[in-house]
Structure formats: C-alpha cells, structure tokens
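Below: one structure, written as structure tokens.
Protein chains: 2
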Amino acid sequence: MNLSDFRTHYEPLIQQELADLIQSLSIPASLKDSMHYSLQAGGKRIRPILLLAVLHELGDGHPDALKVAAAIEMIHTYSLIHDDLPSMDNDDLRRGMPTNHKVFGEAVAILAGDALLTYSFGVVARLQHVDSEDKVRLIDLMSVSAGAEGMVGGQVLDIEGEEKKLGLEELEQVHRLKTGALLTYSILAGAILAKATDEEIVALSRFGQHLGLAFQIQDDILDVTGTSEELGKTAGKDESSEKSTYPGLLTLPKAKEKLDYHAGEALKAIAELGGTKPLLEELTALIVKRKS
Amino acid sequence: MNLSDFRTHYEPLIQQELADLIQSLSIPASLKDSMHYSLQAGGKRIRPILLLAVLHELGDGHPDALKVAAAIEMIHTYSLIHDDLPSMDNDDLRRGMPTNHKVFGEAVAILAGDALLTYSFGVVARLQHVDSEDKVRLIDLMSVSAGAEGMVGGQVLDIEGEEKKLGLEELEQVHRLKTGALLTYSILAGAILAKATDEEIVALSRFGQHLGLAFQIQDDILDVTGTSEELGKTAGKDESSEKSTYPGLLTLPKAKEKLDYHAGEALKAIAELGGTKPLLEELTALIVKRKS
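In order, the protein sequence lines correspond to chains A and B.
Our numbering numbers the first residue of the first sequence as 1 and each following residue consecutively.
Our numbering numbers the first residue of the second sequence as 293 and each following residue consecutively.
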C-alpha cells in the first residue's frame, strides 16, 4: 500500500475514533461541542498516520493502534487550542476555520484543551489489548514528550523567543521541543505497540528528531512562500511579527538546504531498520514537499 | 497521632516533595518559576493530607505516598491557576498572594497549568514502589476525576451556572464534579496504595462524596460569613456576582443544616471501615469548622 492509499484508508477511521471517544463522554454539551469542534477541524493527522505507519512497517498493526493515535491527536489538538488563545499567538483562524475560542469563548476553549489533555492519558490507561507495563511506558513517555520537558517547554521558549533574536541552536531547541517531541512520541508509541527492539527504537527516535526539524523548517519556509489560502492561516505572520525563523536566520536557499539535510538524515535512520520502509520514506518526502 | 501532629509532620514533607519534583525538571526558568510559585503558595494541602491519612488509617503508609500526594496537589494547583485567569474567574489574589498570571503573565500561567497537569501523570507512571497494574488504576481514575467527566466538567458547569439560577440538584452536580471528584480521588488513591478491599473502597468513595459536598457548602458559607483577610481572597464575591450558592438557595441556617448532614454521612461512611479512624474523623470536623 502506498502512502496515499494508506492515508485514504486510515483518515476516516481516525476521524471516527476521535468522534467516538468524545461521544462516549457524559459531559456538559458546550464542553463536548468544543472538544469535538477542534478535533474534527481536520488537519493532516500527521501524528496518527506516523504511529500507524510505524506499526505497519514493523509488523501487522495493533488492535488498539487507532485509540493511541487518537490520544496523541487529542494532545496535539489541545496544544493548538491553547496556542491560539489571545494571550498566546492570538489567532482567529486555524485550518481555515475560526479558532476554538472565537466560537466557544476563551474559558470553554481553555477547559476543552485541559479536558483533551487529561482524557488522552485515560484513553491509554484503558486500552484493551496492551499490558500494564506497556501502558505505563506509553504514559510515561507521553507525559515527558507533551509536558514541561517537551512540547509545553518548547511553547514557552517560542513565546520568549519572540522578544529576542534567537541563534540557530536556540531556534532548533525550540522546535525540537515544540514540534519534534510529540512527532517523535507518535513514532515511538507505534514502536512500543509493535514490541520493537531497542535498536529499532534508537533508529526510530533519530528518525523522529530529524523529521520533526524538517517539518518545522518547511513550516517556516511555507510562511514565507505560501499563501494564506493554501495554509488556512495568515501567511507572512512570522516576518511581520519579527519572529526568528530558519529563512530569517539563514536565508531561504540555506533554509532549504537545511531542510534537505534533515530529510536525508531521517531517511538514513529509516534505512537502519533494514529492508525498505516505503510508508516512512514517503512520509518524509511528503513533509518536505507539503504546501500547507 | 492526632490530626494536628499529623499535619505538622507531613506538611513540610509535602512542600519538599513538590519542590524536589519541580527542581528535577530541565525546563525554561520562567516555566519552572511559575510552576514552583503556585505550588509553594501554600494552601491547606487537604488532598495530600487526605491521601496520607487514608494510608495511615488502613495500614503502615507507602514509600511512594508523598509522590502520589504531590501529583494530586499539582492537579489541584493547575486547576487554580487556570480558574484564576481573566477569562475565567478573573482573580488577582489567591491565598493572599498575587495569582500566577498577575506575576508571570497569562501565557506562561496557562502553560504552567498545562505542564503541572501533564507532569502529574508522569510522576505516577514513574513511581518506584507501585506495580504497573496499580499505576494504571491510579492513572485511569486520575484522568476521570480530573477531566471532562470530573473536575474540568464541573468548572464548565460552574461558569455556565453564573449566567442562570441553578436549582439545588444542579448546584450539587457542579460541586460533586468541581470539588468532590478530586477530593474523592485523593482518598481512593490512598486506598489503592494501601491495597484496600472492594468494601473499603466503596465506603471510602461514599466518604469522599459527602466530604466533598460538606467542603463546598462550607466554602459557600465562608464567602458570606468570612472576611477577605481570613480567606486570603475577596469575600462576598459570590453574592456580588449573583452566583448560585447553598446559602443563597437555602438561607444560611439551612445551608448549615445541609453541611451537618453531609458531615454526618461522611462520618457514617468512615464507621463502616470498622474500628476508629481518628484522623479521618478529625479531618471531617476540620472541614466543617474551617475559617478559610
């Protein structure tokens, strides 16, 4: 199966799993609507697809794969809801639609984010086909990747970086944490479910780190070269806010070189897994070539 | 040991555990300061003390008890940070000190809350002296108690209740979720660590539910009868905001009757555990008589 068929197959299943997980909750209607709204606003589902692709490449999938994939997408979605708030990035549009707080108000948006984050841990704790040891591994790593030493820490550095000129190393650190940590977690969660060997986990971890940086460099490049229509959000925002970016620090051609370097390293890491891993290779290419 | 000695013994240990847990993180300084600030702002540590008291009454304590107690206090603290935000309760003072967002700004305050919540699950996942099955039980119940079907759902109902007159049943539902769920979790987490029987867990669960309601009714009563100095926050705020409260719905004397009823039911539930449980009895009395 090529990546396009793989995504066509799994995207509706991911969508349905997310809808079912929210539907099953006995909670206030506004909270349910707000959680559901941002989960169904779409997006590329890169994290769930990464997890599913790793499982597919390493074995035969896993009966709880969609639940873990959905839990990760809930964490990603909560982070977007909170990042979009007026006191953070103050975005009115996300994926071409009004942001959560524009529709539900700031209070419910904050709480919907809190609820999605909290629920994601419960979903993993209640998996039917994973033993307790692996659940604890998944939860431990999820907490580190999503928390102060991972994504949340990256968001703090990102906000603080807006007020000063970052060096290249500092910028990479922001992105390793803000984007890379959860992307890498998606890959490693797939590896844990697949009962991967330690060697495979090391290679996949390196794959995730380079993929995460490639993803973020392309994000910065798209902010310069893309249109608001393509992106579903305001283009050129980084430059107008004088935010540190790869093109800003390096020039656009050098940023593209850097993107190619990390994509190449990601492919090298995949090669260490042995055999061909077409889905992961295609995913790497997709992240480099994406238009939004 | 009576409750006063018990608290005198454990409060500095709880404080130290919280400080150590934050200190051990490699994270941006502002995030660390913000997390630390609200954790060290004090408060009654009722949830950690409840967990420790249950463990003490059911057996000989547990080497990971302080870590689980600290994890619960982190969840409670994150909820206070988010509740105090301008788009929520818009409070400038908490426990007599400026609220987190007044000191660190809204963005860092939101992220410090997110980080505390995320970390609490990781702390439980990394316990040294609890088997994986019990870690999963602790995490599962923590997610339910703190999330959309528990505390966060209660906060949504509370916010929505500000715009309308609630009936008594609706008000009780707000408090069961907003305050009761995490208080009950503190008790049940102690029971899980103590390897309590199913019968003990049922009794302790009922204890928690009545204690939670008693706690909240006393909170409402104090808002009418207390002073801002005693409370460390603005007194009379509920009435000035026309918020539904027990004294408002029932009159002050009837609210006090209701408080006594729930305190009595809490004591009955304790009695079902067999023998005397002086710490839990004293804790119930303390919650009824507290001045802040």
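For every residue, glycine included, the Cβ atom is placed at its ideal position computed from N, Cα and C.
A quick note: this is a predicted structure, and the numbers were derived from the prediction, not measured.
- Contact check between the segment 208 to 224 of chain A and the segment 175 to 190 of chain A: three or more CB pairs, one atom from each, fall below 8 angstroms, which counts as touching.
- At a cut-off of 8 angstroms between beta-carbon atoms, B:Q420 makes no contact with chain A.
- Taking the CA atoms as reference points, B:L514 sits about 22 angstroms from B:E455.
- Secondary structure at B:M293: coil, using DSSP grouped into helix, strand and coil.
- Exclusion of the five residues before and after A:K135 leaves V124, A125 and L127 as the residues of its chain whose Cβ lies within less than 8 angstroms of its Cβ.
- In terms of beta-carbon proximity, A:L183 stays away from the interface with chain B, with every pair separated by 8 angstroms or more.
- Residue-level contact check: B:E441 touches chain A, since one or more beta carbons of chain A fall below 8 angstroms from its beta carbon.
- DSSP, reduced to helix, strand and coil, places A:L168 within a helical segment of the structure shown.
- When Cβ pairs closer than 8 angstroms are counted between the two stretches, the segment 399 to 407 of chain B is seen to touch the segment 68 to 87 of chain A, the count reaching three or more.
- Runs of the beta strand (DSSP E) lying entirely within the segment 185 to 271 of chain A, each at least 3 residues long, are absent.
- Annotation: B:E461 to B:Q510 spans about 17 angstroms, alpha carbon to alpha carbon.
- If you draw a 10 Å sphere on the C-beta of A:A29, you find fewer than 16 other C-beta atoms in it, and that means exposed.
- For B:P355, no chain A residue has a C-beta closer than 8 angstroms to its own C-beta; the minimum C-beta separation is roughly 18 angstroms.
- Straight through space, the alpha carbons of A:P247 and B:I451 are spaced by roughly 44 angstroms.
- Assignment of beta-bridge partners to A:R126 by DSSP yields no partner.
- A:L50: member of the alpha helix (DSSP H) spanning I46 to L58, first to last residue.
- When the beta-carbon positions are compared, B:P355 and B:H421 come within less than 8 angstroms of each other.
- For the segment 66 to 137 of chain A, the continuous alpha helix (DSSP H) assignments of 4+ residues that do not extend past its boundaries occur at 100 to 104 and 106 to 125, in sequence order.
- Boundaries of the alpha helix (DSSP H) around A:G161: M151 to G161.
- For B:H374, the chain A residues whose Cβ falls inside 8 angstroms of its Cβ are I110, L111 and D114, in order along the chain.
- Exposure of B:N382 is indicated by the presence of fewer than 16 other C-beta atoms within 10 angstroms of its C-beta.
- Counting along the chain, B:I319 sits inside no alpha helix (DSSP H), nor does DSSP assign it H or E at all.
- A:L279 places its beta carbon 8 angstroms or farther from that of A:G190.
- Of A:E282, A:V156 and A:L116, the smallest CA-CA separation from A:F6 is found for A:E282.
- Interface annotation, B:L449: in contact with chain A, CB-CB separation under 8 angstroms.
- Annotation: B:D383 has no Cβ neighbours in chain A at a cutoff of 9 angstroms; minimum Cβ distance is about 13 angstroms.
- Taking the Cα of B:I341 as reference, the smallest distance to any Cα among B:G353, B:L350 and B:E303 is reached at B:E303.
- Membership of B:K581 in the alpha helix (DSSP H) is indicated by the continuous run P570 to K581.
- Check the Cα spacing between A:M74 and each of A:L93, A:A19, A:G61 and A:K258: the tightest is with A:A19.
- Here A:G42 carries a coil assignment [DSSP, helix/strand/coil].
- Secondary structure at B:S584: coil, using DSSP grouped into helix, strand and coil.
- Cβ-Cβ separation between B:Y411 and A:S34: approximately 24 angstroms, too far for a contact (criterion under 8 angstroms).
- Setting aside the 5 residues that flank it on each side, A:R176 is surrounded in the same chain by G154, Q209, G212 and L213, each with a C-beta closer than 8 angstroms to its C-beta; the list follows chain order.
- Taking the C-beta atoms as reference points, B:L323 is found nearer than 8 angstroms to A:V156.
- Chain-order list of chain B residues neighbouring A:V144: G414, by C-beta distance under 7 angstroms.
- Classified as exposed, A:K289 has fewer than 16 neighbouring CB atoms from the shown chains inside 10 Å of its CB.
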